[in-house]
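Chemist: In full-length UniProt numbering, the protein residues as written are 1 to 273.
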Amino acid sequence: IEFVISLFVLNKGFSIGLPLSKFLQKSNIDLKLAVQLANDTKKELQELRTQADDVFKKIFEEVKVVAEKFDIEIKVPRLTKKQTNRSNIPLNTPEQYYRASILIPYLDKFIAELEERFTVHRSILSGFDSLFRENGPIEDIIILSNKYIEDLQNDGTQNEIIEAEYKLWQRKLMQTTEKPNNALEAMTMCNQSVYPNIFKLLQIIVTLPVSFATNERTFSNLKTYLRNSISEGRLNGLAMLSINKNYSIKPDEVIEELAKKKTSSIFIIKTIN
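1) Do you know how far the Cα of LEU173 is from the Cα of ILE205?
2) With distances taken between CB atoms, is the gap from LEU125 to LYS200 smaller than 8 angstroms?
3) Are the CB atoms of ILE102 and GLN46 nearer to each other than 8 angstroms?
4) Please classify PHE60 as buried or exposed, where buried requires at least 16 neighbouring CB atoms within 10 angstroms.
5) Just checking, does the region 36-46 make contact with the region 64-78 on the three C-beta pairs under 8 angstroms criterion?
6) To the nearest angstrom, how far is it from the Cα of ASN246 to the Cα of GLN36?
7) Residue 274 to PRO19, Cα distance in whole Å?
8) Here's the rule I'm using: 16 or more other beta-carbon atoms within 10 Å means buried, otherwise exposed. How should LYS12 be labelled?
9) Which two residues bound the contiguous alpha helix (DSSP H) that contains LEU24?
10) The alpha helix (DSSP H) spanning SER145 covers which residue range?
11) Among residues of its own chain, excluding the 5 on either side of ASN159, which ones have a beta-carbon nearer than 7 angstroms to its beta-carbon?
12) Rounded to a whole number of angstroms, what is the C-alpha to C-alpha distance between ALA259 and LYS250?
13) DSSP three-state label for ASN273, please.
14) Let me know if ARG117 comes out buried or exposed under the rule of 16 or more other beta-carbons within 10 Å of its beta-carbon.
15) Could you compute how far the alpha carbon of ARG86 sits from the alpha carbon of ALA239?
16) By Cβ distance below 6 angstroms, which residues in the same chain neighbour VAL9 in space, the five residues on each side in sequence not counted?
17) How many angstroms separate the CA atom of SER130 from the CA atom of CYS190?
18) List the whole-angstrom C-beta distance separating ALA67 from VAL4, where the pair is believed to meet the contact cut-off of C-beta under 8 angstroms.
19) Assuming GLN170 contacts GLU113 under a Cβ cut-off of 8 angstroms, what Cβ separation, rounded to an integer in Å, is found between them?
20) Sort THR177, TYR166 and VAL63 by Cα distance to GLN192 and report the nearest one.
21) Rank ILE1, THR207 and PHE132 by C-alpha distance to the C-alpha of LYS179 and give the top, closest one.
Okay, here's the thing in structure tokens:
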């Protein structure tokens, strides 16, 4: 019965985490949206945690139906005075026991993992968030610019330049009717020649990695196709083809390039009708 209850609890939690999971697997996501979605997911899980009694009551009713169908007995495991490998919670009913031993620990762990996973991103984003606010504190943008000072224009008066540029950028945001929802939209409306440092900071937040899903898919595809039977040179070439798959390569151009190179290999082109 513990296994059945665990499946229903996992289904409840994963259904809430599914949008975030799918979003993080996309190749065109930005840090701001990812952290916002992670925060929304965490708040929803915390809401479930505060309503654990009502939530588990519904889950337990569904479990009863499945247990009756497959003739599974619902009972509290035998409890001992001292036990380390299983929850040993002294509660009266099976519903109370499994709520305290399965649902609540699962939600607590899920929330803690989300918090840990996005803590670093949230601390980074707190500075970048000033780029999207009309009345953001100037101290945040100064701290952010000092963090990435090597990437910005620096002539010894960095803070003064950033402060003046940021105030002009805030005025532009106040005059704009449609506010940018993400860093890409902000970059589109940011004139690089007028706000070079603001543009560079927006460029940084766009390129900060949120997940490694795209990289993992690329190497997974290569490994599935090649396994371990290929030289490093050709592997690098195929990796470049996979990474730059948006570029169209014509067979005639490849043959022409091969013909220019001095090689002892003989290439045979066979036309299959």
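Heads up, the beta-carbon is just placed ideally off N, CA and C, and yes, glycines get one too.
Modeler: On the basis of the coordinates in this document:
1) 18 angstroms
2) no
3) no
4) buried
5) no
6) Rounded to whole angstroms, the gap between the alpha carbons of ASN246 and GLN36 is 30 angstroms.
7) Given a span of 1 to 273 for the chain in the structure shown, any question on residue 274 remains unanswerable.
8) buried
9) 2-24
10) Element bounds for SER145: 138-147.
11) ILE142
12) 15 angstroms
13) Bear in mind that a pLDDT of 43 at ASN273, under 50, signals an unreliable position, so the model cannot answer this.
14) exposed
15) For ARG86, the predicted structure reports a pLDDT of 49, less than 50, and the residue's modelled location is therefore unreliable. A value from the coordinates is still provided. So the alpha carbons of these two residues sit roughly 47 angstroms apart.
16) Taking C-beta separations shorter than 6 angstroms and ignoring five residues to either side along the sequence, the partners of VAL9 in its chain run ILE102, LEU103 and TYR106, following chain order.
17) So the two alpha carbons sit approximately 15 angstroms from each other.
18) Indeed they touch by this definition, with Cβ atoms about 6 angstroms apart.
19) So it is not a contact: roughly 37 angstroms between Cβ atoms.
20) Ranked by Cα distance from GLN192, the options THR177, TYR166 and VAL63 are led by TYR166.
21) PHE132
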